[in-house]
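Chains as they are written, first to last, in the working numbering: chain A, 5 to 97; chain B, 7 to 592; chain C, 709 to 917.
Using N, Cα and C, we set each Cβ at its ideal position, and we do this for glycine too.
Note that the coordinates shown come from a computational prediction; the quantities given were computed from them, not determined experimentally.
This report concerns only the one structure given below.
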Amino acid sequence: MSVAHDTDTFYIEIWAWLVGLLAIGTAAVFLPIPKLAALLVVFAVAIVKAVLVIRNYMHLKAEHLMIYLIAAIPALLILIMAIALLPDIAFRR
Amino acid sequence: MEARLTVARVEPAEHAEQGTQPGFLRKYVFSTDHKTIAKQYLAVGLLMSLVGGFTAYLIRAELAWPGRPVAGWGFIAPGAYMALVTMHGTIMVFFVAMPILLGAFGNFLIPLMVGAKDMAFPRLNMISVWILVVASVILIASFFVPGGAASAGWTGYPPLSAVPSYTGGYWGINLWLVALALEFASFLIGGINFLTTAINLRAPGMTLWRMPLFVWLEITASAIFLLSVGPLVAGSVMLLADRLVGTGFYNPARGGDPLLWQHLFWFFGHPEVYVIALPGFGIMQEILPVFSRKPMFGYRTIVYSTIIAGFLSLVVWAHHMFVSGMDPRLATPFSIMTILISIPFAIMVLAMIATLWRGSITFETPMLFVLGALSSFLIGGVTGIFLGSETADIYLHDSYFVVAHFHYTLFPIVFMGGFAGIYYWYPKMFGRMPSEILGRIHFALTFVFFNLVFIPLFLVGFAGGPRRIYYPFGYDFLKPLQPLHVIATYAAVLLLIGQLPFIVNFFVSMVRGSKAAENPWHANTLEWTVASPPPHGNFERIPAVMRGPYDYSMPGMVDDWAAQTTSVQATADWAISELHTETMKE
Amino acid sequence: MEAELELSLRPRTPAHQPVTDSLTEIPTGKLGLWVFLAGEIMIFGGMIACFILLRIAAGGWASDAAHVDWQIGTLNTLVLLTSSLTMILALAAVRADRRSAVKLYLGLTVALGLLFLVVKGYEYAGHFAEGYTPLSGMFWSFYYLMTGLHALHVTGGIVVNFVLLMMAIRGTLWEGGQGRVEFAGLYWHFVDVVWIFLFPLLYLSLKLT
Chain A
5 MSVAHDTDTF
15 YIEIWAWLVG
25 LLAIGTAAVF
35 LPIPKLAALL
45 VVFAVAIVKA
55 VLVIRNYMHL
65 KAEHLMIYLI
75 AAIPALLILI
85 MAIALLPDIA
95 FRR
Chain B
7 MEARLTVARV
17 EPAEHAEQGT
27 QPGFLRKYVF
37 STDHKTIAKQ
47 YLAVGLLMSL
57 VGGFTAYLIR
67 AELAWPGRPV
77 AGWGFIAPGA
87 YMALVTMHGT
97 IMVFFVAMPI
107 LLGAFGNFLI
117 PLMVGAKDMA
127 FPRLNMISVW
137 ILVVASVILI
147 ASFFVPGGAA
157 SAGWTGYPPL
167 SAVPSYTGGY
177 WGINLWLVAL
187 ALEFASFLIG
197 GINFLTTAIN
207 LRAPGMTLWR
217 MPLFVWLEIT
227 ASAIFLLSVG
237 PLVAGSVMLL
247 ADRLVGTGFY
257 NPARGGDPLL
267 WQHLFWFFGH
277 PEVYVIALPG
287 FGIMQEILPV
297 FSRKPMFGYR
307 TIVYSTIIAG
317 FLSLVVWAHH
327 MFVSGMDPRL
337 ATPFSIMTIL
347 ISIPFAIMVL
357 AMIATLWRGS
367 ITFETPMLFV
377 LGALSSFLIG
387 GVTGIFLGSE
397 TADIYLHDSY
407 FVVAHFHYTL
417 FPIVFMGGFA
427 GIYYWYPKMF
437 GRMPSEILGR
447 IHFALTFVFF
457 NLVFIPLFLV
467 GFAGGPRRIY
477 YPFGYDFLKP
487 LQPLHVIATY
497 AAVLLLIGQL
507 PFIVNFFVSM
517 VRGSKAAENP
527 WHANTLEWTV
537 ASPPPHGNFE
547 RIPAVMRGPY
557 DYSMPGMVDD
567 WAAQTTSVQA
577 TADWAISELH
587 TETMKE
Chain C
709 MEAELELSLR
719 PRTPAHQPVT
729 DSLTEIPTGK
739 LGLWVFLAGE
749 IMIFGGMIAC
759 FILLRIAAGG
769 WASDAAHVDW
779 QIGTLNTLVL
789 LTSSLTMILA
799 LAAVRADRRS
809 AVKLYLGLTV
819 ALGLLFLVVK
829 GYEYAGHFAE
839 GYTPLSGMFW
849 SFYYLMTGLH
859 ALHVTGGIVV
869 NFVLLMMAIR
879 GTLWEGGQGR
889 VEFAGLYWHF
899 VDVVWIFLFP
909 LLYLSLKLT
């Protein structure tokens with residue numbers, strides 16, 4: 005299991021990436037770029053940060069497929085629910 | 007005659023009472039033994055069914071003779087009538103169906119059927135049943151608060167449920183929300199136990215394809231409950247905030263949307279009915295092979311159908327909202343998915359009928375109830391297809407057709423299926439045989455009067471009779487329907503009285519019934535290989551599983567059954583049995 | 709103590725190896741915890757979805773959003789990310805049996821968690837002083853609801869971590885409770901991930917509209 009190879013230094017490296025991404029995401033709000041691009045950057049950053057934590061701190065990268073499914077299916081379901089509700093709630097006539 | 011191979015597995019000592027007898031409280035009240043917890047769930051479910059049944063009596067009496075005082079109760083005001091229908095639905099779905107089908111049977115059977123000594127997390131299990139007890143107390147308490155119990159329907163749509171002055175009650179709905187939240191927590195915790203135990207604590211040789219179908223259906227039900235309840239938990243907190251704090255999550259004037267609640271509620275509410283239906287099917291699929299002395303037809307197909315039905319159930323919810331004013335473009339996709347979901351259920355029903363085909367059928371009480379459930383559910387399922395069509399639903403929505411449809415699905419599953427399970431596993435749970443005679447009387451009364459209650463209601467619905475109306479006969483076009491309501495009410499009273507043989511049987515047999523053998527029904531699954539009732543820890547040594555659960559009357563066998571621990575070499579059918587287990591197809 | 713918890717630290721000797729040809733060799737406790745997290749994903753996910761949907765419908769919460777301080781938000785995010793680091797370092801220390809390091813890192817995690825709550829409390833106090841309560845509009849209702857629910861989860865995590873810290877200090881943690889550090893960690897990281905999404909939703913995205 006690769007968790008045996010994850011050293012303290014590795015975890016600190018990940019943390020450094022997380023902090024860096026935090027800086028980028030927050031800075032993007034104030035840069036002179038189109039608002040839509042900034043929005044995409046901000047949420048892309050959030051997703052990458054989440055993936056870093058989930059893969060490396062929660063060790064999902066070393067886990068059985070079943071754990072992946074247990075984590076992924078709810079996320080997918082929320083996405084489906086949100087999309088299904090868009091016409092009704094978000095884009096009200 | 008059969009060689010039973012067992013494997014000694016090093017099991018660390020569990021439960022503090024190694025060598026010392028636990029006190030009464032530790033053994034019966036605060037027990038971590040899944041069998042005791044199951045009986046506690048059963049007790050909650052059966053007690054709440056009395057309350058639910060009584061609300062049903064009051065509702066039916068009111069509908070047959072509106073405005074007249076009800077015998078044994080008195081006058082029912084319109085607001086009180088709304089509280090009755092609300093609480094009837096809430097109690098039956100959340101405090102009867104789920105505790106009995108999931109809490110009681112799931113807890114009792116899953117460890118036994120997979121060959122485990124207990125659930126994966128026994129202390130969490132105990133916590134879950136106690137949370138349910140607290141939730142039940144809170145719900146019953148809500149009957150007695152000023153303003154009365156919740157009265158916005160079991161579906162609790164805002165703004166009726168969000169603005170206290172609309173229902174005239176305040177604490178009623180608040181307590182209702184709290185009780186529901188606790189019930190959700192109880193079954194979330196329980197679901198974690200069920201899934202983990204079935205996945206991880208199976209005995210050696212108990213591959214997934216040798217698991218009894220009941221376990222498959224219970225864990226699928228647990229999974230879809232887990233996946234669907236979250237958004238409603240969020241939504242309920244929002245509704246409670248609207249009521250207690252004055253936020254406007256569902257208030258259009260404040261930027262909210264009442265339709266949001268409907269979506270959140272039914273996103274859970276629809277999978278919820280399959281959470282209830284699947285375990286009921288599971289019980290039927292355990293009993294049918296035993297009393298037909300035939301393997302369950304189409305084991306793998308049933309498993310695949312169950313999983314597909316589980317997935318589909320999560321994407322059909324808006325068929326409850328066709329006339330809610332939601333975006334009409336959503337109607338067609340949801341309608342299509344709803345019609346599609348009838349396919350896996352049809353497959354399961356056909357597989358059950360095929361199991362009966364050319365079997366050596368005997369009509370003990372469990373089997374009678376299963377047959378009654380199967381035939382009645384058929385009617386319920388078929389009428390659901392009409393409601394799934396977005397166009398037909400325009401006329402049928404909120405009519406008694408819907409009420410009859412869901413009672414024709416829920417009652418057979420919960421009550422007939424539940425009774426089948428209780429009669430079947432009573433010997434295992436309580437160590438005594440229930441009375442066959444009382445059981446058959448109970449079945450006859452239940453089956454006949456159940457149908458007499460709800461067939462008239464289909465007719466009422468088709469004629470345009472709306473639901474949740476306190477005094478329908480104020481409308482001229484509904485006046486001719488009163489005789490139908492009267493028939494239904496008389497039948498309902500007789501149905502309730504018809505439960506007396508069961509109540510007598512249940513308690514008297516516990517002390518006066520003949521002692522049950524280990525395996526009175528000659529069934530294959532692992533729970534029948536231990537004593538009745540099983541000792542604490544279930545199995546002295548974890549059994550080794552040698553075959554699937556439905557090897558009945560296989561060619562070459564001497565007995566017409568073979569316990570799952572029976573080696574295939576011990577029965578002459580080993581070659582055929584292996585083939586059969588490996589290629590068990592539709 | 710739950711004998712059924714297959715501790716990830718125990719060597720895979722034949723006696724402890726799962727005897728079934730089961731689909732998984734996942735320790736039971738870990739499986740149970742991930743199933744629990746799946747439920748939590750649905751709860752928070754549902755709430756976040758409602759926020760996004762109503763926000764798109766309203767289109768005009770930018771004026772309210774101006775009153776949340778992005779600097780405090782960024783600080784709190786940094787606090788929580790660091791607490792995730794200290795939590796995983798605690799687990800690594802448990803695996804390497806470095807007992808004083810375990811106490812240090814658990815202690816830091818608890819401290820950072822408390823710091824997060826203190827900062828949040830300071831924020832809430834500031835908002836209330838300016839007159840922004842849950843009744844000040846849909847944005848604020850959601851803000852308090854989501855951060856409040858999150859804060860409750862943080863509190864629960866702090867309590868659990870504190871209990872583990874006490875067990876480590878008293879020495880009882882080493883009698884088989886090591887697996888619990890992993891489970892507490894999984895929960896704590898999950899709480900962090902939720903905040904990773906709440907932060908841009910509540911503090912950043914509305915500045916962009």
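Amino acids of chain A, ordered along the chain, whose beta-carbon sits closer than 9 Å to that of residue i
| i | result |
| --- | --- |
| Thr736 (chain C) | Result: empty, since nearest Cβ-Cβ is about 13 Å, beyond 9 Å. |
| His269 (chain B) | Met85, Ala88, Leu89, Asp92, Ile93 |
| Ala773 (chain C) | The contacting residues do not exist; Ala773 (chain C) stays about 11 Å from chain A at best. |
Under 8 Å by beta carbon: chain C residues contacting residue i
| i | result |
| --- | --- |
| Thr30 (chain A) | Trp778, Thr782, Leu912 |
| Leu26 (chain A) | Thr782, Thr785, Leu786, Leu789 |
Bridge-paired residues (DSSP) for residue i
| i | result |
| --- | --- |
| Gly80 (chain B) | B:Val76 |
| Ser405 (chain B) | B:Pro472 |
| Arg518 (chain B) | For Arg518 (chain B), which the question treats as bridged, DSSP gives no partner whatsoever. |
| Trp567 (chain B) | B:Tyr558 |
| Arg438 (chain B) | B:Lys521 |
Proximal residues of chain C, C-beta to C-beta of residue i below 9 Å
| i | result |
| --- | --- |
| Gly254 (chain B) | Leu843, Gly845, Met846, Ser849 |
Interface residues of chain A facing residue i [CB-CB closer than 7 Å]
| i | result |
| --- | --- |
| Leu265 (chain B) | Asp92, Ile93 |
| Leu797 (chain C) | Asp12, Tyr15 |
| Ile760 (chain C) | Ala86 |
| Ser792 (chain C) | Val57, Tyr61 |
Closer than 7 Å at the beta carbon, the chain B residues around residue i
| i | result |
| --- | --- |
| Ile751 (chain C) | Gly236, Val239, Ala240 |
| Met755 (chain C) | Ala240 |
| Ala801 (chain C) | Within 7 Å Cβ-Cβ: nothing; Ala801 (chain C) doesn't reach chain B, min ~26 Å. |
8 Å contact criterion, which residue i and residue j should meet: CB distance rounded
| i | j | result |
| --- | --- | --- |
| Ile144 (chain B) | Leu194 (chain B) | With 8 Å as the limit, Ile144 (chain B) and Leu194 (chain B) do not qualify as a contact, their Cβ atoms being about 17 Å apart. |
| Val776 (chain C) | Leu910 (chain C) | 6 Å |
| Tyr406 (chain B) | Arg473 (chain B) | 6 Å |
| Ser515 (chain B) | Pro440 (chain B) | 4 Å |
| Ile225 (chain B) | Leu250 (chain B) | Not a contact, Cβ separation roughly 36 Å. |
| Pro555 (chain B) | Thr531 (chain B) | 5 Å |
Proximal residues of chain C, C-beta to C-beta of residue i below 7 Å
| i | result |
| --- | --- |
| Leu22 (chain A) | Leu789 |
| Arg32 (chain B) | Neighbours of Arg32 (chain B) on chain C: none; closest Cβ ~17 Å, over 7 Å. |
| Arg260 (chain B) | Met846 |
Residue i beta carbon near the ligand SAM (any heavy atom closer than 6 Å)
| i | result |
| --- | --- |
| Leu532 (chain B) | In the structure on display, the ligand SAM does not appear, and there are no ligands present to speak of. |
Chain B residues whose Cβ lies nearer than 9 Å to that of residue i
| i | result |
| --- | --- |
| Leu853 (chain C) | Ala240, Val243, Met244, Ala247, Thr253, Phe255 |
Closer than 8 Å at the beta carbon, the chain A residues around residue i
| i | result |
| --- | --- |
| Lys915 (chain C) | Val33 |
| Ala746 (chain C) | Ile74, Ala75, Ile77, Pro78 |
| Thr273 (chain B) | Here residue 273 (chain B) turns out to be Phe, not Thr, going by the sequence shown. Those within 8 Å of Phe273 (chain B) in chain A are Met85. |
Within chain B, partners of residue i - CB distance below 8 Å
| i | result |
| --- | --- |
| Val743 (chain C) | Gly197, Ile198, Leu201, Thr202, Leu232 |
| Ala876 (chain C) | Going along chain B, no residue has its Cβ under 8 Å from Ala876 (chain C), so there is no contact; the nearest lies around 22 Å. |
_Residues of the stretch 65–96 of chain A whose Cβ lies closer than 8 Å to any Cβ of chain C, in chain order_ = Glu67, His68, Met70, Ile71, Ile74, Ala75, Ile77, Pro78, Ala79, Leu81, Ile82, Met85, Ala86, Leu89, Leu90, Ile93, Ala94, Phe95, Arg96
*Along the stretch 230–246 of chain B, what residues have a CB closer than 8 Å to any CB found in chain C?*
Leu232, Leu233, Ser234, Val235, Gly236, Pro237, Leu238, Val239, Ala240, Gly241, Val243, Met244
*At 4 residues or longer, and completely inside the stretch 101–141 of chain B: list those alpha helix (DSSP H) runs for me, N to C.*
111–120
*Just by C-beta distance, which residues in the stretch 319–342 of chain B are closer than 8 Å to chain A?*
Leu320, Val321, Ala324, Met332, Asp333, Arg335, Leu336
*Using Cβ-Cβ distances below 7 Å, what residues of the stretch 885–913 of chain C are close to chain A?*
Leu894, His897, Asp900, Val901, Ile904, Phe905, Pro908, Leu912, Ser913
*For the stretch 858–871 of chain C, which residues have a beta carbon sitting closer than 8 Å to at least one beta carbon of chain B?*
none
*Identify each residue in the stretch 189–208 of chain B for which the Cβ-Cβ distance to at least one residue of chain C is less than 9 Å, and report them in chain order.*
Leu194, Ile195, Gly197, Ile198, Asn199, Leu201, Thr202, Thr203, Ile205, Asn206, Leu207, Arg208
_Proximal residues, the stretch 552–579 of chain B versus chain C, C-beta separation under 7 Å_ = none
_Residues of the stretch 34–48 of chain A with Cβ closer than 7 Å to any Cβ of chain C, in chain order_ = Lys39, Ala42, Leu43, Val46, Phe47
*Along the chain, which unbroken stretches of the beta strand (DSSP E) at least 3 residues long are found entirely within the stretch 755–828 of chain C?*
none
_List, from N- to C-terminal side, the beta strand (DSSP E) runs of 3 residues or more that fit wholly inside the stretch 197–284 of chain B._
none
*Taking the runs of the beta strand (DSSP E) that are 3 residues or longer, which of them lie wholly in the stretch 51–81 of chain A?*
none
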